[in-house]
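One structure is given below, encoded as structure tokens.
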Amino acid sequence: MVQMNFKKHITILLLILFTSIAGAQVKFQTKVSKKTLGLNERLRVDFSMNKDGDNFSPPSFDGFNVVGGPNQSVSNSWINGKRSFEKTYSYFLSPKRMGSMTLKSASIEIEGKTYKTNAIAIKVTKEIQKPKDPNIAAASDNIHLVAEISKTNPYLNEAITVVYKLYVALNAGVSNWRETDNPEYDDFWSQQINPKGLKIERGKYKGEDYQYVILRRTVLYPQKTGKLTIEPLRLDVTAEIPTKRRDIFGQRLMSKINVPVAAGKRTINVRPLPEVGKPSDFSGAVGDFKFNLSTSKSKLNANESMQAKISVSGKGNLKLLTLPKLTLPNSLEVYEPEHNENVRTNVSGMQGEISDSYTIVPQYKGKYPIPTISFSYFDLKTESYKRISSKETIINVLEGPVYGASDNNLITESGEKQNVSLKNDHFAFIKTNANLVSKKQTSFFKSTAFWTSLLTPLLAIPLAIVFRRKREQRAGDIVGNRLRKADRLAKKYLGDAKKALGQKEAFYVALEKALHNYLKAKLNIETSDFSKDKIRVLLLERQVENTVVLSFESILENCELARYTPVTTVAMQQDYEKAANAINLIDKQIK
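Offset between the sequence shown (1-based) and the working numbering: plus 32.
Structural data, given as structure tokens:
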């Protein structure tokens, strides 16, 4: 009987031990909202763990755009004396293409050991007509992205403009957006023109009143004839749509939701330039141009330089055309031209001037003509070819030798002939390294080098003494050392945040992580114990001023709010400076 009771007790103890071990096992897993979704739907991915860890590393999310997150949540509760802990990192993804894709493993360090999640296969199908989420469906009916094209049948190299407008219903709103897919404009020369400021205007969309903003304008020059496709611009929009609920005043409550919108593909038919009347020297210029040939001098002496400039100005495909070449007599030395462009692009296309400047150096006396140069272009107004020709220009070289073509003699100004014997080494290269040796040899004794090597060690002794005293003085400066240490800590913890300035999600994640890591190092607390009240109590107990604590709390609140509200780069810079100042002050005041 005693033996049976003993076995019973052993069994109970083993069961309790097994339960405690099983309960202490680390669980780190990936959860997805769906494994099959349409190209215009969103995927939520949660990485959850039952123990707190550090150095969380998400997967690369190949084939997806991250449109939200990471959002961090911590659940810490006690039920019947048993602690329950769960920490989750959440991401919202938008698929880039259709097909089968894999969410790779995430990793985290828990109690010095690295854990990884399992990979999950995701299937992306074509866009669905109506998203299953009723909120997305409602937002899709209230928000539209439209691409308006100035001309759908342009000539080859004729400018067209694509204006992207975001239409929003009067009872809805948009707080933020980001581009998820930019059109590449294959077979076009393109120039994007971003507006200086977004102006809300009223307009019609399918006969109904809407408000809209112009997001951007893009100028295109087709480089190929036939039917060309303009790929759609895709956005992820944070929309505010009315719900069926109302507040105490009877006004509809608004709901925020991320909704994808696209401008849709557009097709234009590019016409070829007519063959009838096309000049033989036509180089593809299309527009309205002026052509000019000018010289910096009309009279000069031999071996002096002058400039000849060929320029085309006006409106058209200036950056895409080829200027005619300058043809000169062989007796004029001509250098490769310097190409200059002064072209600006606005919604109507390119305007300005392009030019080639030639440097000319005459060798002999005489008069040298610059032949007529012509430039041809296609005029869009008259839909015909036009040719502009320059006037013949004479270069008059007043003084210098005269080349005698009959006997290879040079005739000087006095009329006397001097024979010139041409040899293979007539023009020799100038030596760049002569290797000259001084005839006068100097002795090292009593030279500058001798006295320098003798006196340098003697001068180094007092310098070493001064350096040591300064070092001891700095080591004894407790206040100064503490200030320098505070500056180093601020730079150490905020380094990643500074690198991410301008990228809202990455910046505020890095900033919040930096503030948490700083508190963990200073207050010896774990991430699971973070709360505003506890941080406030600990800092005040360590004699940190109340104003500094309030500033630190406001920065943490900004990190949380910034994920859901639009933030400018200026605001990010201000939050970064506040965080650096708060860390600096805390490190100086904390006891």
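Glycine included, each C-beta is placed from N, C-alpha and C at the ideal position.
Near Val204, which residues of its chain fall below 8 angstroms by C-beta distance, leaving aside the five closest residues on each side in sequence?
Val is not the amino acid found at residue 204; the sequence shown has Ala there. Excluding residues within five positions, the ones whose Cβ falls inside 8 angstroms are Ala171, Asn174, Ile175, Ala271, Glu272, Ile273, Pro274.
Tell me the rounded alpha-carbon separation between Val302 and Ala179.
Near 18 angstroms, if we compare the C-alpha coordinates of Ala179 and Val302.
Within 10 Å of its beta-carbon, does Tyr367 have 16 or more other beta-carbons around it, so buried, or fewer, so exposed?
When all chains shown are included, Tyr367 counts as exposed.
Please classify Pro91 as buried or exposed, where buried requires at least 16 other C-beta atoms within 10 Å of its C-beta.
It counts as buried.
So, using beta-carbon positions, are Ala295 and Leu332 closer together than 8 angstroms?
No. Outside cutoff.
What do you get for Ile342, buried or exposed, if any count of 16 or more other CB atoms within 10 angstroms of its CB means buried?
Counting Cβ neighbours within 10 Å, Ile342 comes out buried, since at least 16 surround it.
Can you round the beta-carbon distance between Phe79 and Thr149 to whole angstroms, since I take them to be within the 8 angstroms contact cut?
The pair is a contact, with the Cβ atoms about 6 angstroms apart (cut-off 8 angstroms).
DSSP has Leu198 in a bridge; who is on the other side?
Looking at the DSSP assignment, Leu198 forms a beta bridge with Leu177, Val245.
Tell me the DSSP bridge mates of Lys119?
Met81, Val106, per the DSSP bridge assignment.
Assign Ser479 to one of three DSSP states: helix, strand, or coil.
Coil at Ser479, not helix or strand.
Could you work out which residue in Asn87, Thr120, Thr62, Phe117 is closest to Phe93 when comparing CA atoms only?
Here the closest residue by C-alpha is Thr62.
Between the C-alpha atoms of Asn226 and Lys114, what's the straight-line distance to the nearest angstrom?
If I take the Cα positions, the gap works out to 58 angstroms.
When DSSP builds the beta bridges, which residues end up paired with Asn374?
In the DSSP output, where bridge partners are listed per residue, Asn374 has Glu385.
What's the gap between the Cα of Lys297 and the Cα of Tyr253?
Rounded to the nearest angstrom, the two C-alpha atoms are 18 angstroms apart.
State the Cα-Cα distance for the pair Ala538 and Ala529, rounded to the nearest angstrom.
If you take the alpha carbons of Ala538 and Ala529, they lie about 8 angstroms apart.
If you run the structure through DSSP and keep just helix, strand and coil, what is Arg210?
Strand at Arg210.
How should Ser408 be labelled, buried or exposed, when 16 other C-beta atoms within 10 angstroms of its C-beta is the threshold for buried?
The residue in question, Ser408, is buried, as its Cβ has 16 or more Cβ neighbours within 10 Å.
With DSSP run on the structure shown, which of helix, strand or coil describes Val576?
Correct three-state label for Val576: coil.
From which residue to which residue does the beta strand (DSSP E) around Leu260 run?
Element bounds for Leu260: 258-262.
Please determine, among Gly319, Ser122, Lys238, Val156, the residue with the shortest C-alpha to C-alpha distance to Asp411.
It is Gly319 whose Cα lies nearest to the Cα of Asp411.
Less than 8 angstroms between the C-beta atoms of Val379 and Arg249, yes or no?
In contact: Val379 and Arg249 (Cβ atoms closer than 8 angstroms).
Tell me which residue opens and which closes the beta strand (DSSP E) that Lys347 is part of.
Run containing Lys347: 338-348, per the beta strand (DSSP E) assignment.
Excluding sequence positions up to five away, which residues of its chain have a Cβ less than 7 angstroms from the Cβ of Val195?
Closer than 7 angstroms at the Cβ level, and outside the excluded window around Val195, lie Glu180, Ile246, Arg249.
With the cut-off set at 8 angstroms, would you say Thr601 and Gly527 are in Cβ contact?
Taking 8 angstroms as the Cβ cut-off, Thr601 and Gly527 do not qualify as a contacting pair.
According to DSSP, which residues form a beta bridge with Gln224?
DSSP, once it has assigned bridges, lists Thr250 as partnering Gln224.
Under the three-state reduction of DSSP, which class applies to Glu609: helix, strand or coil?
Here Glu609 sits in helix by DSSP.
From Gly384, Asp388, Lys67, Ala138, pick the residue whose C-alpha is nearest to that of Val127; which is it?
It is Pro, not Val, that sits at residue 127 in the sequence shown. Of the candidates Gly384, Asp388, Lys67, Ala138, the one whose C-alpha sits nearest the C-alpha of Pro127 is Lys67.
Which of helix, strand or coil does DSSP assign to Ile615?
DSSP places Ile615 in helix when its eight states are reduced to three.
Are any of the Cβ atoms in chain D nearer than 8 angstroms to that of Lys530?
Judged by its chain identifiers, the structure shown contains no chain D, having just a single protein chain.
Taking 8 angstroms as the cut-off, decide whether the C-beta atoms of Asn290 and Phe60 are in contact.
No. Outside cutoff.
Whether or not the region 356-366 and the region 397-408 are in contact is what I'm after, with contact meaning three or more pairs of Cβ atoms, one per stretch, closer than 8 angstroms; do they touch?
Flag = yes, the region 397-408 and the region 356-366 touch.
From what residue to what residue does the alpha helix (DSSP H) around Asn527 run?
Sequence check: residue 527 is Gly here, not Asn. 527-531 is the extent of the alpha helix (DSSP H) around Gly527.
How long is the line joining the alpha carbons of Asp241 and Leu198, rounded to whole angstroms?
So the two alpha carbons sit approximately 13 angstroms from each other.
Skipping 5 residues on each side, what residues in its chain have a beta carbon closer than 8 angstroms to that of Glu609?
Cβ within range, chain order: n/a, list empty.
So the beta strand (DSSP E) Glu365 belongs to, where does it begin and stop?
364-366 is the span of the beta strand (DSSP E), which, as asked, contains Glu365.
By the 10 Å Cβ neighbour count, where 16 or more other Cβ atoms means buried, how is Gln223 classified, buried or exposed?
The residue is buried, with at least 16 neighbouring Cβ atoms inside 10 Å.
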